[in-house]
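Here's the structure, in C-alpha cells; my notes come after.
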Amino acid sequence: MFENLTGRLSDVIKTLKGEARLTENNIQKALREVRLALLEADVALPVVKEFIARVKEKAVGHEVMSSLTPGQALVGVVQQELIAIMGGDKADLNLSTTPPAVILMAGLQGAGKTTSSGKLAKWLMEHKKKKVLLVSCDIYRPAAIHQLELLANQTGADFFPVQSNQKPGEIGTAALDYARKHHHDVMIVDTAGRLGIDEAMMQEISELERLLNPIETLFVVDAMQGQDAVNTAKAFSEALPLTGVVLTKLDGDARGGAALSVKHITGKPIKFTGIAEKLTGIEAFYPDRMASRILGMGDVLGLIEEAQRSTDEREAKKLLKKVKSGKGFDLNDFKAQFQQMKKMGGMSAMLDKLPAQLSQAAQNVNVDDKVIGRTEAIINSMTPQERVKPEILKASRKRRIAAGSGVSVQEVNRLLSQFDQARKMMKMMNKGGMSKMMRGLKG
Ligand code: GDP
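Everything in the sequence shown is counted per our numbering, starting at 11 for the first residue and increasing by one.
Below is the structure:
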C-alpha cells in the first residue's frame, strides 16, 4: 500500500535545494513528481488536478523556515493538503439519536459489507460499550445471512433471526421493533450487494433507508478497486444519502488512490478502514495519520510539525538579533531558549529525531530534560530586575532563589555561570567570528 507514492514523494525533497522561498519556478519539477505519484497511485484525475492546484497555491511564496530545507517545506504543504483532501478532521461515527441508532451498510458484493458489519459490532461493543443487534437483509444469499450469524456469535453481538419469505423491508422494520424492545443501542443492517451497480439493488436499499431512517448510512468499498471504487462510490452517493465510507482491504496490495479520492468524489468522509480479514481488523480513520503514512517520512514530518508548532517567528527573530549582537541578552532570553527546547518535546525527543550517529554523539553531551525544568524553575524564582541584571545577585539573593526553586545554591551558581559563558560566547561571535570563538573555548 502506498509504496510507489511514498517513494516518489520522498524524491520530491531532493529536487529542491538551497532555496529560501518556494516559487512557481522552483517547485515546478517537484509538483510534476507529486502529480505523477498520485496518478500512479490511481487517484482520480479530477482529484489530482485540484490537489496540485491547491498545493501550488499554498506553496508559492511560502517562506522556508530556517530549520527546514525547501524540500521539507514543500512536503509540509503536501501533507497539509493530503489531510484536507481526506476530510481534514477525523469524522466520528454519529450515534446521537434515540436508541437504537441504525447503521445501514451499503456497497457492492464482495466489498466487505458483512465482514465490516461484524467488525463494527465488535468495535462498538469494545470501544463504546454498546449493546449491538446485527441484522441481515441479504435474502438472496442465505450463506450471507449465515455468515453474519456466525460473526454475531463470534463477537457476542445479538443476531436478528430472519424468517423465510420475508422481504428486506419487512426484516428491517421487524428488527427495529425487536431492537427497541430489547434495548439495543445500535442496530447494524447488512444489505444485499450486486456485482455491479444495479437499478433493483439501488431501489431496494433506498427503500430500506426510507423505512429505517438510519443515522449512519455507510458505503463499504474495497480499496483494491482503485478507480472503479471511485465510480461506484459516485453512483451510491447519488442514490443514497450516505453519511460516511468504510474503506476495506487496506492491508491488500492497493496503490492507495481510493483513500485519497473517495471523500472528494462523494463529499463523505471515510470513517473506518478495514485492515485485516479478522474481526479486529478495523480502525477508525484519521486523515492526519493516513497522510503521514502516505508520505512515509516519519522523521521529516516530525521535524516539520515541531518547527511549525514551536516557531513563534517574531519571538525567535528577536532572540536571534540579541544572540547575534550579544547586546541585551538577559536571563529572560536564556529562559526563552530553554522553553523553545521544551516545546520541541525536550532534549530526548529532539535526539530521537536525529540520525543515529548524530544522536549518539549528542547523548554524550550532558543535557537532559530535568536540567531544562530546573533551569526554568530557578529563573522563575528571580525578580524581573534580577533577570535583567544578574550582577546584583549576591549571596542572600541566591539563597532566596535556591529556596524558592527547590535547588541548592551551587545549582544557582552553575546556571549563572552557564549564562555568563553563553553571553560571552555571543559577544565573541559578534566581534571576531568563529575562529576567535574556538580559541575562546579552548582557553
Ligand atoms: P460482502 O459481499 O460485501 O458482504 O463482502 P464480505 O464481507 O463477504 O467480504 C468479502 C471478502 O473480503 C471476504 O473474504 C472477507 O474476509 C474479505 N475482507 C473484508 N474486509 C477485509 C479487509 O479489511 N481485509 C482483508 N484482507 N480482507 C477483507
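Here a beta-carbon is modelled for each residue, glycine too, at the ideal position from N, C-alpha and C. If you're wondering where the values come from, they're calculated on a predicted model, not measured in any experiment.
Worksheet entry | Range covered by the alpha helix (DSSP H) that runs through Leu160 | 152 to 165
Worksheet item: What are the start and end residues of each continuous alpha helix (DSSP H) run of 4 or more residues lying completely inside the region 245 to 307, in chain order?
Response: 267 to 276, 297 to 305
Worksheet item: Between which two residues does the alpha helix (DSSP H) containing Met135 stretch?
Response: 123 to 138
Item to complete: Classify Arg433 as buried or exposed, calling it buried when 16 or more other Cβ atoms lie within 10 Å of its own Cβ.
Response: buried
Worksheet item: What does a CB cutoff of less than 7 Å around Leu46 pick up in its chain, not counting 5 residues either side in sequence?
Response: Here Leu46 has Arg18 as same chain residues with Cβ atoms under 7 Å from its own Cβ, once five neighbours each way along the sequence are excluded.
Fill in: Cβ-based neighbour list, Ser415, same chain, cut-off 6 Å, excluding 5 preceding and 5 following
Ala387, Ile388, Ser391
Practice prompt. Could you tell me which residues DSSP puts in a beta bridge with Ala116?
Written response: Paired residues: Phe229.
Worksheet item: If we ignore side chains and look at the alpha-carbon of each, how far apart do Val88 and Leu228 end up?
Response: 28 Å
Fill in: Residues of its chain near Gln395, where Cβ-Cβ distance is below 8 Å and the 5 sequence neighbours each way are ignored
Ile402
Worksheet item: With DSSP run on the structure shown, which of helix, strand or coil describes Arg204?
Response: Looking at Arg204 - three-state DSSP - the assignment turns out to be coil, as it is neither helix nor strand.
Worksheet item: Cβ atoms of Ala269 and Val240: under 8 Å apart, would you say?
Response: In this structure, Val240 sits away from Ala269, with a CB-CB distance that is not shorter than 8 Å.
Worksheet item: Grouping DSSP H, G and I as helix and E and B as strand, with all else coil, what is Ala412?
Response: helix
Worksheet item: Apart from the five residues on each side of it in sequence, which residues of its chain come closer than 6 Å, Cβ to Cβ, to Asp168?
Response: Leu143
Worksheet item: Taking three-plus beta-carbon pairs below 8 Å as touching, is the region 195 to 213 in contact with the region 113 to 122?
Response: yes
Worksheet item: Exposed or buried, which one is Gln173 when buried takes at least 16 other CB atoms within 10 Å?
Response: exposed
Worksheet item: What residues in its chain sit with their C-beta under 7 Å from that of Thr33, if we drop five residues either side in the sequence?
Response: The beta carbon of Thr33 sits closer than 7 Å to those of Val70, all from its chain and outside the five residues before and after it, given in chain order.
Practice prompt. For Ser106, write down the residues that DSSP places opposite it in a beta bridge.
Written response: According to DSSP, which records beta bridges pairwise, Ser106 is partnered with nothing at all.
Practice prompt. Return yes when at least one heavy atom of the ligand GDP lies under 7 Å from the C-beta of Gly97, else no.
Written response: no
Item to complete: In the DSSP assignment, find the alpha helix (DSSP H) that holds Val70 and state where it starts and stops.
Response: Premise fails: Val70 is in no alpha helix (DSSP H) and is neither H nor E.
Worksheet item: Exposed or buried, which one is Ala162 when buried takes at least 16 other CB atoms within 10 Å?
Response: buried
Worksheet item: Among Gln431, Ile280, Met234, which has the Cα closest to the Cα of Glu226?
Response: Ile280
Discussion item. Is the beta carbon of Ser247 closer than 8 Å to that of Lys273?
Written reply: no
Fill in: Near the ligand GDP: Gly122 beta-carbon under 7 Å from a heavy atom
Using a cutoff of 7 Å, the CB of Gly122 counts as near the ligand GDP, since one of the ligand's heavy atoms is closer than that.
Worksheet item: When the Cα of Pro178 is compared with those of Leu160, Val419, Ile411, Met211, which residue comes out closest?
Response: Nearest C-alpha to Pro178: Met211.
Worksheet item: Going straight from the alpha carbon of Gly206 to that of Val58, what length do you get?
Response: In this structure, the alpha-carbon of Gly206 lies about 26 Å from that of Val58.
Worksheet item: What do you reckon, are the CB atoms on Val53 and Ser271 nearer than 8 Å?
Response: yes
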